[in-house]
Ligand code: ADP
Ligand code: MG
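Residue numbers (this note's numbering): 2 to 339.
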């Protein structure tokens, strides 16, 4: 008898699972939806040219962080930072959040306080109100989830969709630094990352305390620079792929244009590039710029130009001499085994 193979998460991966959820949830039974599943946040209409963006992100112990390497304050900070980053990538302003925690019973109270303080400090910095949540016991791993709202004028919102062939591809800052920081904390003294102590400290900080690019997002909106945008949470390569897939375009990424950490690239250029392309957690913004706006974009982001949008659907990574590079690893996808 032929065996029917059960569909596994390992096979369909995170994105396969999201596709199935999209079908199951279907079209909402109420009006007002501007953008549903498939972008960095959902977008709903709340008034004339007024939109609300809505997002949620969850951090799980031993998947997204380890209590061996990260402090509770850092975990709280990051839980909010990743959500703010998604709001920033829509060109919106974060406003209100709720936080849910699943806490193993053995965790000291002052540690849970520190986690809340990490959230509170970053919230204050961005004038976000944390106004609710849920607190439950977890069997053995710490879980933190934040849901965040943001405001935007409907016409200002920047989606993953909207890039046009011929446009320029920009990033807001150096890529791959967080992945290097993670390598340093994980590897400790044995870490493969060499260089000055000061730079190492900076890289660790980039990993532990990501600064969501709200200021940059405001500049991009104010100057109407971007035709599409996404945040770079799981490596540059994957972010370019996701943006291009939604925009139905391809892209050329010029390796030697990717802004990298100076010391890292001097010491081991290949490694620095690998971290930039497929390491995660940079939380910079990736956006596309129409030709007539490139000059302005270069004034605001002098090292931001990394490539161009093309027709078709291929994402090509090209070295200095125009040769195409193939990479094994395009970034992180939950569940995926191959
Ligand atoms: P990001 O990395 O920007 O947070 P994700 O890759 O997590 O985005 O999610 C991609 C899209 O899928 C988003 O629009 C998100 O809201 C949606 N999504 C993720 N998981 C689910 C789910 N279980 N059910 C419905 N939508 C989901
Ligand atoms: Mg995102």
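Here a beta-carbon is modelled for each residue, glycine too, at the ideal position from N, C-alpha and C.
Per-residue burial, residue i [other beta carbons within 10 Å of its own, 16 or more giving buried]
i, result
"residue 303", "exposed"
"residue 260", "buried"
"residue 335", "exposed"
"residue 58", "buried"
"residue 325", "exposed"
"residue 49", "exposed"
"residue 270", "exposed"
Alpha-carbon spacing of residue i relative to residue j, whole angstroms
i, j, result
"residue 109", "residue 116", "11 Å"
"residue 204", "residue 98", "28 Å"
"residue 54", "residue 263", "36 Å"
"residue 129", "residue 321", "43 Å"
"residue 246", "residue 28", "21 Å"
"residue 107", "residue 230", "42 Å"
"residue 300", "residue 102", "42 Å"
"residue 52", "residue 146", "23 Å"
"residue 74", "residue 174", "25 Å"
"residue 282", "residue 268", "22 Å"
"residue 135", "residue 113", "13 Å"
"residue 292", "residue 309", "10 Å"
"residue 317", "residue 62", "35 Å"
"residue 171", "residue 297", "12 Å"
"residue 186", "residue 21", "37 Å"
"residue 118", "residue 71", "15 Å"
"residue 319", "residue 307", "11 Å"
"residue 37", "residue 56", "11 Å"
"residue 251", "residue 169", "12 Å"
"residue 18", "residue 198", "42 Å"
"residue 179", "residue 60", "16 Å"
"residue 202", "residue 131", "30 Å"
"residue 222", "residue 8", "43 Å"
"residue 165", "residue 140", "48 Å"
Option nearest residue i by Cα separation, candidates the options
i, options, result
"residue 81", "197, 204 and 148", "148"
"residue 181", "84, 239, 276 and 305", "276"
"residue 257", "248, 273, 249 and 245", "273"
"residue 91", "58, 327 and 215", "215"
"residue 127", "52, 23 and 86", "86"
"residue 23", "314, 187, 39 and 268", "39"
"residue 46", "217, 32, 138 and 228", "32"
"residue 44", "14, 94 and 15", "94"
"residue 160", "200, 140, 195 and 249", "249"
"residue 265", "200, 234 and 315", "200"
"residue 69", "222, 253 and 188", "188"
"residue 234", "35, 18 and 89", "89"
"residue 77", "41, 96, 144 and 155", "144"
"residue 295", "278, 224 and 35", "224"
For residue i, the first and last residue of its enclosing beta strand (DSSP E)
i, result
"residue 172", "169–172"
"residue 267", "Taken as a continuous stretch (DSSP letters only), residue 267 belongs to no beta strand (DSSP E), being part of the alpha helix (DSSP H) at 263–268."
"residue 153", "144–154"
"residue 309", "306–311"
"residue 315", "Segment: none, residue 315 is in no beta strand (DSSP E) and carries neither H nor E."
"residue 287", "285–290"
"residue 36", "34–36"
"residue 254", "251–255"
Delimiting residues of the alpha helix (DSSP H) encompassing residue i
i, result
"residue 16", "10–26"
"residue 298", "295–301"
Problem set entry | Any beta strand (DSSP E) of 3 or more consecutive residues that is wholly inside the stretch 46–133 | 51–61 and 94–104
For this session: List in chain order: all unbroken beta strand (DSSP E) runs of 3+ residues lying wholly within the stretch 171–244.
Result: 229–233
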